[in-house]
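Enquirer:
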Amino acid sequence: MRPQEYIKQEPYKLYINGEFVVPGERRTFDIINPVNNELFAKAYRAGIKEVEEAVRSAREAYDNGPWGRMPAKERSKLLLKAARILDRRKEEFAATETMECGKLYASALYYEAAQGVDAFEYAAGKARCLEGSSMPIDNQTLNIVQWEPVGVVAEILPWNGPFMMGCQKLSIILAAGNTVVVKPSSWASLSTLLLAEVFDEAGFPKGVVNVLTGSGSLIGNALVQSPLVDMAAMTGGTDTGKSIITASADTIKDIALELGGKSPNIIFDDVDIDEAVKWARFAFTLNAGQVCVSGTRLILHKNIYEEFLGRLKAECEKFVPGDGFDRKTTLSPLIHKEHARIVWEYIEKGKRAGARLICGGKPYEDQELRKGNFVPVTVFADVAVDMEIFQEEIFGPVLCVTPFETEEEAIALANATKFGLAGGVFTRDAKRSMRVAKGIRGGQIYVNSYFSKAMAESPGTGWKESGLGVAGIHKYMISKTIFIDTAEDNVPA
Ligand code: NAD
């Protein structure tokens with residue numbers, strides 16, 4: 000099928016209480032292709048009324064529906080069924096994500112869609128392994144700690160990997176036994192709306208999954224403030240995370256936040272330079288730099304500094320920008336005009352602050368490319384700690400390079416921002432790699448490679464201002480301790 004044939008002509012509907020619905024006010028928003036900024040679909044915009052309906056439906060399904068009484072084995076079967084449906088429809092998901100987010104189709108299909116299917120398969124197994132623990136305290140006392148679903152979860156998604164992240168979050172939320180209202184970003188809503196069709200076809204009971212699309216500050220905020228929601232989980236920017244912490248205070252909600260990053264990638268002078276250059280390039284350019292854990296600060300040993308920069312420039316100039324469906328394309332556009340504008344502002348700030356521009360840094364001249372949100376791969380060297388481009392998340396294909404001499408200096412530079420999401424270290428010295436990995440204050444550290452190969456099995460957390468909450472299924476569960484005293488004569492005197 001041609002990619003456009005997957006796209007619906009009618010506006011995409013919300014999914015509430017097991018039905019695809021048009022909201023009362025019938026308002027829609029535009030879905031734009033970042034390659035050319037052309038409108039190619041519309042989706043309905045939920046209002047407060049739809050938030051209330053979706054939350055009530057998730058609450059009812061959790062409190063009184065069949066879901067709460069369903070054995071874990073049955074939940075597991077439904078998750079496996081969802082995995083099979085997703086696998087069958089993966090080309091459709093990948094094509095939709097490429098059109099809406101500008102992603103490279105091969106990456107959307109062979110990496111992100113594959114990860115999405117894998118997430119459901121993993122969660123199906125996990126649903127059957129929800130163990131607690133028991134503590135024999137003395138001859139007559141046994142304490143049991145068991146994990147229960149937290150209840151109704153509001154899951155709020157970002158735009159940079161909505162399908163893969165949506166699958167990872169929803170599969171594990173459901174494996175834990177929760178019900179959910181999910182809200183994707185308005186810049187990338189379609190894959191989550193398509194996921195609703197998967198849950199519908201798999202036969203999940205009504206109300207277990209609800210999908211609302213629309214404004215974050217209106218409906219996202221209403222979800223966070225609803226007293227019927229037990230937990231608000233959001234993946235997105237650090238400022239949005241801070242507003243969720245404030246908004247959730249009135250209802251003392253459980254919250255889990257996966258937020259921004261400005262991750263260091265430390266390269267020592269004992270590496271194979273050609274290999275390390277390729278890793279360094281990959282670490283900050285995947286999805287045009289729109290990956291939360293991207294290695295966007297290269298902390299580079301002084302002994303190899305200029306040689307490394309020369310080879311990195313040559314590698315970065317090989318990128319071919321274009322449409323993600325074109326096999327020749329290796330650089331995708333940024334998600335939205337507004338986001339590209341912010342990234343360009345950072346590039347200008349870097350120049351004004353006196354960072355040395357190694358490559359990129361000016362707009363493409365090609366008229367076709369200028370229709371889209373393309374930003375060339377840009378490398379700044381000699382970036383000082385006090386520059387804004389060192390400190391702030393840019394979320395585009397922009398690398399800041401800073402030299403170091405000693406291991407202690409490298410770790411200090413790595414930890415010199417408010418973020419603590421991820422980091423990398425490249426060295427042939429095994430002991431040093433472990434010392435540095437331990438020294439970096441962050442939740443996901445890669446050694447001699449970059450990006451995780453098993454996100455389902457080993458999810459990460461965000462430290463410092465990069466997040467809040469534990470990783471894995473316990474993020475969406477709550478513990479209960481049961482104290483059992485078996486003695487007959489235990490009444491206090
Ligand atoms: P964003 O913060 O702008 O939006 C995230 C989501 O929150 C969207 O669905 C948005 O509509 C919603 N939202 C906005 N205001 C809200 C409010 N007041 N109340 C409730 N919800 C609200 O983030 P984004 O631009 O979509 O995504 C990019 C950011 O996400 C980057 O900072 C990136 O680092 C981060 N991210 C983090 C991780 C991680 O695992 N730590 C993963 C992916 C992306």
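Quick note on numbering that gives the first Met the number 0: the sequence shown kicks off at 0 and runs consecutively. Note that beta-carbon positions come from the ideal geometry of N, C-alpha and C, so glycine has one too. A quick note: this is a predicted structure, and the numbers were derived from the prediction, not measured.
1. Within 8 Å, do at least three Cβ pairs link the stretch 118-138 to the stretch 44-64?
2. CB valine 376 to CB cysteine 291, shorter than 8 Å?
3. Just to confirm, does valine 144 get its C-beta within under 7 Å of one of the non-hydrogen atoms of the ligand NAD?
4. Given this structure, state the Cα-to-Cα distance separating isoleucine 481 from glycine 219, to the nearest angstrom.
5. If you run the structure through DSSP and keep just helix, strand and coil, what is leucine 193?
6. How would you call proline 70, buried or exposed, if buried means at least 16 neighbouring beta carbons within 10 angstroms?
7. Run the CB neighbour count on glycine 441, radius 10 Å, all protein chains shown included, and call it buried at 16 or more, exposed below.
8. Going by alpha carbons, who is nearest to cysteine 358 out of Val378, Ser190, Asn16?
9. Would you say the beta carbon of isoleucine 155 comes nearer than 7 Å to a heavy atom of the ligand NAD?
10. For isoleucine 272, which of helix, strand or coil comes out of DSSP?
11. Once the 5 residues before and after aspartate 268 are set aside, which same chain residues still bring their CB inside 6 Å of it?
12. Looking only at its own chain, which residues have a Cβ that is under 8 Å from the Cβ of threonine 27, when we skip the five neighbours before and after it?
13. Confirm the yes/no value for this check: CB of tryptophan 158, any heavy atom of the ligand NAD, distance under 7 Å.
14. Taking only runs of the alpha helix (DSSP H) that begin and end inside the stretch 366-419, which ones reach a length of at least 4 residues, in chain order?
15. Let me make sure I understand the geometry here. Which of Leu103, Pro161, Val207, Lys12 has the alpha-carbon closest to that of tyrosine 61?
16. What is the rounded straight-line gap between the Cα of lysine 361 and the Cα of aspartate 322?
17. Look at the Cβ atom of glycine 165, then the Cβ atom of serine 185, and state whether they are nearer than 8 Å.
18. Would you report the Cα separation of isoleucine 30 and proline 396, rounded to the nearest angstrom?
19. If you follow the alpha helix (DSSP H) that threonine 295 is part of, which residue opens it and which one closes it?
20. Measuring straight from C-alpha to C-alpha, what distance separates alanine 287 and alanine 354?
21. Between the beta-carbon of lysine 7 and the beta-carbon of valine 20, is there less than 8 Å?
22. Run through DSSP, which three-state label would lysine 252 get?
23. Mapping the DSSP letters down to three states, classify phenylalanine 307 as helix, strand or coil.
24. Can you say whether cysteine 100 is buried or exposed, counting buried as having 16 or more other CB atoms within 10 angstroms of its CB?
25. Please name the residue, chosen from Lys327, Ser190, Lys182, Thr284, that lies closest to lysine 312 on a Cα-to-Cα basis.
26. With distances taken between CB atoms, is the gap from lysine 452 to phenylalanine 418 smaller than 8 Å?
27. Within this structure, are the beta carbons of glycine 240 and leucine 217 separated by less than 8 Å?
28. Between the Cα of phenylalanine 394 and those of Pro402, His335, Arg74, spot the shortest distance and give me the residue it belongs to.
29. Say the cut is 7 Å; is the CB of phenylalanine 394 nearer than that to a heavy atom of the ligand NAD?
Expert: This is what the structure holds:
1. no
2. As a first step, residue 376 is located in the sequence shown; it is residue number 377 there, counting from the start. As a first step, residue 291 is located in the sequence shown; it is residue number 292 there, counting from the start. Going by C-beta atoms, valine 376 is not nearer than 8 Å to cysteine 291.
3. Working through the sequence shown from its first residue, we reach residue 144 at position 145. For the ligand NAD, not one heavy atom lies less than 7 Å from the Cβ of valine 144.
4. Here residue 481 refers to the residue found at position 482 when the sequence shown is read from its first residue. Here residue 219 refers to the residue found at position 220 when the sequence shown is read from its first residue. Approximately 35 Å between the Cα atoms of the pair.
5. Indexing the sequence shown from 1 puts residue 193 at position 194. Residue state, collapsed to three classes: helix.
6. Position 71 of the sequence shown, counted from the first residue, corresponds to residue 70. Proline 70 should be labelled exposed.
7. Residue 441 sits at position 442 when you count from the first residue of the sequence shown. Buried.
8. Here residue 358 refers to the residue found at position 359 when the sequence shown is read from its first residue. Among Val378, Ser190, Asn16, the Cα nearest to that of cysteine 358 is on Val378.
9. Locating residue 155 in the sequence shown gives position 156, counting from the first residue. Yes, since a heavy atom of the ligand NAD falls inside the 7 Å radius drawn around the Cβ of isoleucine 155.
10. Mapped onto the sequence shown, residue 272 falls at position 273. Helix, per DSSP.
11. Numbered from 1 along the sequence shown, position 269 holds the residue referred to as residue 268. Correct list, in chain order: His300, Asn302, Ile303.
12. If you number the sequence shown from 1, residue 27 lands on position 28. Taken in chain order, the residues that qualify are Pro10, Lys41, Ala42, Tyr43, Arg44.
13. Indexing the sequence shown from 1 puts residue 158 at position 159. Yes, Cβ of tryptophan 158 sits closer than 7 Å to a heavy atom of the ligand NAD.
14. 366-370, 387-390, 406-413
15. In the sequence shown, residue 61 corresponds to position 62, counting from 1. With distances taken between Cα atoms, tyrosine 61 lies closest to Val207.
16. Position 362 of the sequence shown, counted from the first residue, corresponds to residue 361. Position 323 of the sequence shown, counted from the first residue, corresponds to residue 322. Those two C-alpha atoms are separated by around 20 Å.
17. On the sequence shown, position 166 is the one that residue 165 refers to. On the sequence shown, position 186 is the one that residue 185 refers to. No, the Cβ-Cβ distance between glycine 165 and serine 185 is not below 8 Å.
18. Taking the first residue of the sequence shown as position 1, residue 30 is located at position 31. Taking the first residue of the sequence shown as position 1, residue 396 is located at position 397. Isoleucine 30 and proline 396: Cα-Cα distance of roughly 23 Å.
19. Residue mapping note: residue 295 aligns to position 296 of the sequence shown, counting from 1. Not the alpha helix (DSSP H): threonine 295 falls in the beta strand (DSSP E), residues 294-300.
20. Your numbering for residue 287 matches position 288 in the sequence shown. Your numbering for residue 354 matches position 355 in the sequence shown. Cα-Cα distance, rounded: 21 Å.
21. The residue you call residue 7 lines up with position 8 of the sequence shown. The residue you call residue 20 lines up with position 21 of the sequence shown. No, the pair does not count as a contact, with Cβ atoms beyond the cut-off.
22. Here residue 252 refers to the residue found at position 253 of the sequence shown. Reduced to three states, the DSSP call for lysine 252 is coil.
23. Here residue 307 is taken as the residue at index 308 of the sequence shown, counted from 1. Residue state, collapsed to three classes: helix.
24. As a position in the sequence shown, residue 100 is number 101, starting the count at 1. Buried, by the Cβ-count rule.
25. Locating residue 312 in the sequence shown gives position 313, where the first residue counts as 1. For the residues Lys327, Ser190, Lys182, Thr284, the minimum Cα distance to lysine 312 belongs to Thr284.
26. Taking the first residue of the sequence shown as 1, we reach residue 452 at position 453. Taking the first residue of the sequence shown as 1, we reach residue 418 at position 419. No, these two residues do not count as a Cβ contact at 8 Å.
27. Indexing the sequence shown from 1 puts residue 240 at position 241. Indexing the sequence shown from 1 puts residue 217 at position 218. No, these two residues do not count as a Cβ contact at 8 Å.
28. For the purposes of this step, residue 394 is taken as residue 395 along the sequence shown, with counting starting at 1. Comparing Cα-Cα distances from phenylalanine 394 to each of Pro402, His335, Arg74, the minimum goes to His335.
29. The sequence position of residue 394 within the sequence shown is 395, counting from 1. Yes, since a heavy atom of the ligand NAD falls inside the 7 Å radius drawn around the Cβ of phenylalanine 394.
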